[in-house]
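Visitor: Numbering-wise (this note's numbering), the sequence shown opens with residue 296 and increments by one.
Got a structure for you, questions after.
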Amino acid sequence: MRTPPVYVYTLCIALLLIGCRSTRPDPEPRPLGSDLPAYEAPRDGPEQPAGSDVRRPPEWQNAPGDTLTLQESLALALANNSRLQSFSWEVRAREAQALQVGLWPNPSLGTETEDLSTEDPIGDFTGSEQMVQVSQPIELWGRPGKRRDVAEEERDLAGWDYEAARLDVVSQTTQAFVGLVAAEQRVQLARELVHLSEEVFQTVSRQVETGEVSPVEKQRARVPLSQARIRLRRAEEARAAARKTLSGQWGRSDTTAFAEVEGKFGPVRPVPSLDSVESALDRNPALARQQDEIEQARAVVSLEKSDRLPVPAVTVGWQRFGGRTGSDRTALKAGVSLPLPLWDRNQGAVQRARFRLERARRRREAARVRLDTTLSKAYRSLVSAQNEAQTIAEETLPAAQSAFESVRQGYRQGKFDYLEVLDAQRTLFGVRRQQIQALSRYYQARVRVERLVATPLEQLQ
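And the structure:
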C-alpha cells in the first residue's frame with residue numbers, strides 16, 4: 296500500500312487547525328483603577344440560563360458593612376455594574392464571531408439517479424445510473440485568515456469599549472462618593488448651625504426674661520433658627536439622594552447597605568503641570584480605539600481585495616453505470632468549478648473599504664482635537680477650583696472664624712447687639728458652605744482630568 300505524500304498530511308492538518316487559532320489578549324488596562332478587579336464575562340458562557348430572574352451576580356454577596364470606603368465602593372461597582380458587564384459580554388460575542396468567520400465552509404454531499412425507466416418495477420434500479428459526489432469550496436488567497444483578522448480587530452474595538460466603560464465606572468463612582476462626602480459635610484454644618492441658632496435663641500430668651508432686651512429680639516432670633524432647621528432638612532434630603540446615586544453604581548436601589556462613608560475632604564494636593572498631563576492623553580482609550588479602527592479598516596480593505604478573486608470548488612464522486620443485462624460498471628469522478636469574474640470583481644466593496652479607511656484616519660484626528668480641547672478646559676477648572684479652595688482655607692475661613700468668635704464674645708459682654716452676632720454667624724457659615732463647595736469642585740475636577748488621561752494625577756507629578 297502506497298503512503299500518501301507528505302503534503303497531503305500537511306494539508307489535512309492545516310484544514311483541521313482552521314478556526315483553532317488563539318484569540319489575542321485583551322487591551323492592556325489603563326493605570327486608573329487597574330489595582331481593583333473588574334467584572335469579566337466567563338469565556339464558557341453565562342452562568343445563568345437565558346430568561347433567568349437572577350438580576351445580580353454572586354459578587355454582590357460582598358456587601359459593605361456599616362462604614363463604606365472609596366475602595367470598597369469602587370470594588371463593588373467594578374464587580375456589579377450592569378453597564379460594564381454588558382460591554383464584557385460584547386467582547387465575548389466578538390471573540391465567538393472571530394472563531395466563526397475563520398472556519399472553512401462545509402462540504403456538500405449530493406446524489407443523483409439517471410435513466411430511470413417507467414417500465415421497471417418500483418425499486419428496480421438495474422438499468423439506471425447512480426452518482427454520489429462531495430463538493431468542497433477551497434478558499435484560497437488567505438480568505439479565512441483575513442476574515443478572522445477583521446473579526447479580531449472588531450473584538451479589539453469591543454475591548455476598548457469595555458476599558459472605556461471600566462474607566463467610566465471608576466470616575467462616576469468616585470464622583471458619587473465625593474458628592475456623598477460633600478452632602479454629609481453639609482448635613483453636619485447644618486446641624487452645627489441649628490445648634491448655634493438654638494444657643495443664640497436661648498440666650499436672647501433669657502435676656503428678654505431679665506428685661507435686658509426687647510421681646511422683639513426673641514422673635515428675631517426665632518427666624519434664623521427656623522431657617523437653620525429648614526436648611527438641615529434640605530441637606531438631609533440631598534444626602535439621601537447622594538447615597539442612592541452612589542449605591543446605584545453597583546445596582547442597588549436601596550441605601551441600607553451602609554450607614555455612612557469613611558472619608559473627608561483634606562487639603563488640596565498639588566496639580567501637575569499642563570504639559571505632563573497632556574503628555575498622558577495618549578492613554579485615553581478613545582484614542583487607542585480610533586487607532587484600532589484604522590487597523591480594522593485596513594484589514595477590511597485587504598479582505599475585500601481578496602474577494603475579487605474567485606473561489607474554486609473541488610468535486611469528487613463515485614458513479615455507477617447500470618446495464619439491463621446485469622453488467623454494472625463503476626467509475627470515479629473529479630472536477631473543479633471556478634466562477635468567472637467578468638462583471639462583478641468586488642470593485643464597489645473595495646472602493647467602499649478604502650473610503651472608510653480614510654474616514655477612520657480623519658476620525659482619529661478629530662478625536663485627538665476634541666480630547667485636547669476637553670482636557671484643556673478640565674485642567675483650567677481644576678486649577679481654578681484648587682486656587683479657590685486654597686484661598687478659602689488660608690485666608691477667608693480663618694478671618695470669618697476669628698470675626699465670629701470676637702463678635703460672639705463681645706455680645707456676651709454687651710459690646711455688640713444681636714444683629715451683629717447674626718451677621719457674623721451668617722458670614723461664617725456661608726464661608727464654610729463655600730469651602731465645602733470648592734473642595735467638592737476640586738475633587739470632581741480632579742476625577743474628570745484623571746478620566747481623560749486614564750491615570751491618577753499622583754503618577755504624573
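By construction, the Cβ of each residue, glycine as well, lies at the ideal position given by its N, Cα and C atoms.
Evaluate the contact criterion for the region 668–679 versus the region 595–603: three or more CB pairs, one atom per stretch, below 8 Å.
Guide: No: the two stretches stay apart, fewer than three of their Cβ pairs being nearer than 8 Å.
Visitor: At 4 residues or longer, and completely inside the region 539–579: list those alpha helix (DSSP H) runs for me, N to C.
Guide: Taking only runs of at least 4 residues, the alpha helix (DSSP H) segments lying wholly in the region 539–579 are 569–574.
Visitor: What are the partner residues of T610, as DSSP defines its beta bridges?
Guide: T610 pairs with S430 and G630.
Visitor: Roughly how many angstroms lie between the CA atoms of L637 and F616, to the nearest whole one?
Guide: Computed Cα separation, rounded: 37 Å.
Visitor: Assuming the contact rule is C-beta atoms closer than 8 Å, G558 and L365 should be a hit. Round their C-beta distance to whole Å, please.
Guide: Confirmed, about 6 Å.
Visitor: Work out the CA separation of N376 and W545 for me, nearest whole Å.
Guide: Cα to Cα, W545 sits roughly 5 Å from N376.
Visitor: Find the nearest neighbour of L604 within the set W436, R442, A446 and A583, judged by alpha-carbon distance.
Guide: The option with the nearest alpha carbon to L604 is W436.
Visitor: Could you work out which residue in L652, Q425 and R526 is closest to R624 when comparing CA atoms only?
Guide: It is Q425.
Visitor: From L394 to E532, what does the alpha carbon distance come to, in whole angstroms?
Guide: Rounded to the nearest angstrom, the two C-alpha atoms are 52 Å apart.
Visitor: Name, in chain order, the residues that DSSP records as bridge partners for G454.
Guide: DSSP output for G454 lists no bridge partner at all.
Visitor: My understanding is that P580 touches A459, with C-beta atoms under 8 Å, so please give their C-beta distance in whole angstroms.
Guide: Confirmed, about 5 Å.
Visitor: Please name the residue or residues paired with L404 in a DSSP beta bridge.
Guide: For L404, which the question treats as bridged, DSSP gives the partners V429.
Visitor: Just curious, the alpha helix (DSSP H) that L679 is in, first and last residue?
Guide: The question names Leu, yet the displayed sequence has Ser at residue 679. S679 -> alpha helix (DSSP H) spans Q642 to T686.
Visitor: Let's test the definition: count the other Cβ atoms within 10 Å of the Cβ of E449 and tell me whether it reaches 16, buried, or not, exposed.
Guide: Buried, since its Cβ has 16 or more Cβ neighbours within 10 Å.
Visitor: How about the region 707–718 and the region 742–756: do they share at least three Cβ pairs that are nearer than 8 Å?
Guide: These segments do not touch.
Visitor: F616 bridges to which residues according to DSSP?
Guide: Answer is E424 and R624, bridged to F616.
Visitor: Among the residues of its own chain, which have a CB less than 7 Å from the CB of P402, if the five just before and after it don't count?
Guide: Within the same chain, P402 has close Cβ partners V429, S430 and Q431.
Visitor: Counting pairs of Cβ atoms below 8 Å between the region 681–693 and the region 722–739, do you hit three or more?
Guide: As far as the Cβ criterion goes, the region 681–693 touches the region 722–739, which means the pair count is three or higher.
Visitor: Using a threshold of 7 Å, state whether the C-beta atoms of R715 and V702 are closer than that.
Guide: The sequence given here has Glu at residue 715, not Arg. Their beta carbons are under 7 Å apart, which means E715 touches V702 by this criterion.
Visitor: Can you tell me whether A345 is buried or exposed? The criterion is at least 16 other CB atoms within 10 Å of its CB, across all chains shown.
Guide: Any reading at A345 must be qualified, since the residue scores a pLDDT of 49, below 50, and its modelled position is unreliable; the value itself is stated next. Looking at its Cβ environment, which holds fewer than 16 other Cβ atoms inside 10 Å, A345 is exposed.
Visitor: Are the region 560–572 and the region 436–446 touching by the rule of at least three beta carbon pairs closer than 8 Å?
Guide: No: the two stretches stay apart, fewer than three of their Cβ pairs being nearer than 8 Å.
Visitor: Grab me the residues of D587's own chain with a C-beta within less than 7 Å of its C-beta, minus the 5 sequence neighbours each way, in chain order.
Guide: Answer for D587: E448, D451, L452 and W455, listed in chain order.
Visitor: Using C-beta distances below 8 Å, list every residue in its chain close to V396, excluding the 5 sequence neighbours before and after it, in chain order.
Guide: The answer, listed in chain order, is P439, R442, R443, V445 and A446.
Visitor: Based on the DSSP secondary-structure assignment, which residues constitute the bridge partners of E409?
Guide: According to DSSP, which records beta bridges pairwise, E409 is partnered with E424.
Visitor: Go through the region 462–530 residue by residue and report every complete run of the beta strand (DSSP E) that reaches 3 residues or more, in order.
Guide: The qualifying runs do not exist here; there are none.
Visitor: I need the DSSP call for L365, collapsed to helix, strand or coil.
Guide: In the structure shown, L365 sits in a helix (DSSP, three-state: H, G or I).
Visitor: What are the boundary residues of the alpha helix (DSSP H) that P693 is part of?
Guide: First-last of the alpha helix (DSSP H) with P693: L692 to R707.
Visitor: For A592 versus A680, is the C-beta spacing smaller than 7 Å?
Guide: Contact: no.
Visitor: Using the three-state DSSP reduction, which class does R325 fall into: helix, strand or coil?
Guide: Here R325 sits in coil by DSSP.
Visitor: Tell me whether V480 is buried or exposed, calling it buried when 16 or more other Cβ atoms sit within 10 Å of its Cβ.
Guide: Correcting the residue type first, residue 480 is Gln in the shown sequence and not Val. Its Cβ being crowded by 16 or more others within 10 Å, Q480 is buried.
Visitor: Compare the Cα-Cα distances from A694 to each of R727, A662, T669 and R578 and report the closest residue.
Guide: Closest option to A694, Cα to Cα, is R727.
Visitor: With DSSP as the reference, label R338 as helix, strand or coil.
Guide: R338 falls in the coil class under three-state DSSP.
Visitor: Which term fits V518, buried or exposed, when burial requires 16 or more other beta carbons within 10 angstroms of its beta carbon?
Guide: Flag for V518 reads exposed.
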